[in-house]
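Each number in the working numbering corresponds to the 1-based position in the sequence shown with 7 added. So the structure is just underneath, and the comments pick up after that.
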Amino acid sequence: NSTIAGIAGISTTRTRGAVSFTVCHVQGRGKQIHVDGAFVLPRITTDMPISPVSSISKWKHLSGLELADPEFGTPARVDVLLGADYYGEVLTHGRRWGPRGTPYAQKTCFGWVLAGPLPSKDSRPSAYTCCVAMEDDHLRKFWEIEDHNLNRPALTQEEKAVVQHFESSHSRNSDGRYVVPLPRKPGVTPLGESRAKAVNRFISLERSLRSRGTFKEFANVIQEYFELSHAEPVPKDELEKTCTDVYYLPMHVVRKEDSSTSKVRVVFDASAHSTSGTSLNDHFLVGPTVHSSLIDVLLRFRRYKVALATDVSRMYRAVLLSANQKDLHRFVWREHPQQPMKDYRMTRLTFGVSASSFAANMAMKQNAINYSDKYPQASQVVLQSFYVDDGLTGANSIQDAIQLREDLQDLFQLGGFQLRKWKSNEQDVLSAIPPDLIDPKTTQELKYEDDYTKILGVEWNATSDYFRSMISLPEIRIPLTKRVLVSNIARLFDIFGWCSPAI
């Protein structure tokens, strides 16, 4: 209920659905202010105006005005931002305009306030009351993605606990494949019933895919899960487990047209809430990022005369779930609408579960560490030149590249992983790779049908060994607003910064 002493100015409209702001000087600095039922807190630390304003008497259109803030020209901290919905209630009838390039005055219930440009000593106009508020989470995250900070932050206590959990709990089966229990969060509300939602979501997906004639592709992917033992029927004696020990994963289908292998992928939704209001993802600790950064991998890739690029086949599904967590990865399935819905469960790490990424990457990293004595160079490549399931490396001679490729293949196989979709800029290297492990985009002459293939967000011509940026500008909408501009910029991925001056 403090009194507003004066209004310093008005901001521009913020992007992504937020409101305009009015910048105010308020008595009782640092306190919470009550304005017509809306509580607002101090938000800006920059003094306004930025430079002192000595006098406005030289502008005739501003003479004789009773200003809301007689000391408006003295820089001071902004205490409160009023939403635009309240700004309209502050305004009263009255406005004074002067020559172009000079401030204008607006009458409010507190008195007259000034806004607009103020000519500086070098005769160029400068704004003295305008503040742009851009505290938008989406925009902030966008800039953070584009900022390549090479100094990785230290692990938090929670992240350290997840790493220690992996080190103490993971094991390997008789085939050498890793078994990784996913770390649980303490003190989370127990899971409620989740099967009904999974059934409804499946029926909706089934209806949609059948209407588009694409259900068969979906069924083939699920059938592959069964054939490879990546999923299994839930045993009859375990169907009646309490819901706190069980979670049913709704699923949806994602099409990836540029994939050279499977274009249809099944993604499970572990964030769907059960009847208790919690989801499976709420119960797992995510863990830290343990792979190299994107820019690191791409920069190292450019060092070598002979390039090698590969992909870890079904990386998540190469790692086994612990036996006591399989029932947390159940799903429902049927091949035909006339069939009854049956219950199945995953036996491998599942895409869509938040903890799976850390577990799969950590298993791959641990495998490299375990065999670093036998495969020192290949192990170093795994630790430095893999970004999730994409590996970009190379050597300075054809023979060294052939040997490195063989060592990597053997190293991954020891942990139950398989490398495939190999690419290289040297045909002699490709000739030494079994045909079923080469990228299907290559022809029998070992030349790419497409001039360029996508690797980690950039396009690479393996034949000529050239990169190009994946820049595709949409047609600009008119009028060009900040929302449109930011939306278009966000579509431009330029990891190396080749196009950054234009962007």
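Think of the CB as a built atom: it goes at the ideal place given N, C-alpha and C, for glycine as much as any other residue.
A distance of 9 Å or more separates the beta carbons of Phe-117 and Val-85. Close CB contacts of Leu-499 within its chain, under the 6 Å cut and outside five residues either way in sequence, are with Ile-478, Ile-510 (chain order).
The three-state reading of DSSP puts His-280 in coil, since its state is none of H, G, I, E or B. Exclusion of the five residues before and after Ser-379 leaves Ser-386 as the residues of its chain whose Cβ lies within less than 6 Å of its Cβ. In this structure, Phe-424 is the residue among Gln-391, Phe-424, Leu-292, Glu-342 with its C-alpha nearest to the C-alpha of Arg-355. By the C-beta density criterion, Ile-376 is exposed, having fewer than 16 other C-beta atoms within 10 angstroms.
Within the DSSP bridge table, the entry for Asn-468 names Tyr-473 as partners. Rounded to the nearest whole angstrom, the CA to CA distance from Thr-196 to Gly-294 is 20 Å. A contact is defined here as three or more CB-CB pairs under 8 Å, and the region 297-311 meets this definition with respect to the region 397-407. Between the beta-carbon of Ser-299 and that of Tyr-394 there is about 6 Å, and that keeps the pair under the 8 Å contact cut. Membership of Asp-318 in the beta strand (DSSP E) is indicated by the continuous run 313-319. Excluding the 5 residues flanking it on each side, Val-339 has same chain C-beta neighbours closer than 8 Å at Arg-202, Ala-205, Val-206, Phe-209, Tyr-255, Met-348, Lys-349, Asp-350, Tyr-351, in chain order. With a cutoff of 9 Å on beta-carbon distance, Trp-467 and Leu-315 are scored as not near each other. In the structure shown, Ser-236 falls within a coil segment according to DSSP collapsed to helix, strand and coil.
Under the three-state reduction of DSSP output, Arg-498 falls in the coil class, being neither helix nor strand. The straight-line gap separating the alpha-carbon atoms of Pro-188 and Phe-173 is approximately 8 Å. DSSP places Ile-445 in the strand class (E or B) of the three-state scheme. By the CB criterion at 9 Å, Ala-122 and Leu-69 fall outside the cutoff. Leaving aside the five residues that flank Ala-325 on each side, the residues in its chain whose CB is nearer than 6 Å to its CB run, in chain order, Gly-423, Phe-424. Counting the other Cβ atoms within 10 Å of the Cβ of Arg-191 gives fewer than 16, which makes it exposed. Secondary structure at Ser-431: strand, using DSSP grouped into helix, strand and coil. Here the region 280-297 lies against the region 361-376, with 3 or more beta-carbon pairs under 8 Å apart. Unbroken alpha helix (DSSP H) stretches of 4 residues or longer found wholly inside the region 366-431: 383-392, 405-421, given in chain order. Annotated three-state conformation of Asp-350 is strand, per DSSP. By the neighbour-count criterion, in which 16 or more other beta carbons inside 10 Å mark a residue as buried, Ser-431 falls on the buried side. Counting of Cβ neighbours within 10 angstroms places Thr-357 among the buried residues, the total reaching 16 or more. When Met-353, Asp-289, Val-274, Val-273 are compared, the shortest CA-CA separation from His-280 is found for Asp-289. Runs of the alpha helix (DSSP H) lying entirely within the region 179-257, each at least 4 residues long, are 202-219, 222-234 in chain order. For Gly-95, the enclosing alpha helix (DSSP H) begins and ends at 91-97. For Ala-112, the enclosing beta strand (DSSP E) has its first and last residue at 111-115.
No residue range can be given for Leu-335, since it is assigned to no beta strand (DSSP E) and is classified by DSSP as neither H nor E. A distance below 8 Å between beta-carbons, with the five flanking residues on each side excluded, links Cys-506 to the following residues of its chain, in chain order: Ser-476, Ile-478, Leu-499.
With a cutoff of 9 Å on beta-carbon distance, Ile-405 and Asp-435 are scored as near each other. For Leu-305, the enclosing alpha helix (DSSP H) has its first and last residue at 301-308. Cβ neighbours of Val-228 within its own chain (closer than 6 Å, five residues either side excluded): Val-271, Val-273.
With a cutoff of 9 Å on beta-carbon distance, Val-388 and Leu-411 are scored as near each other.
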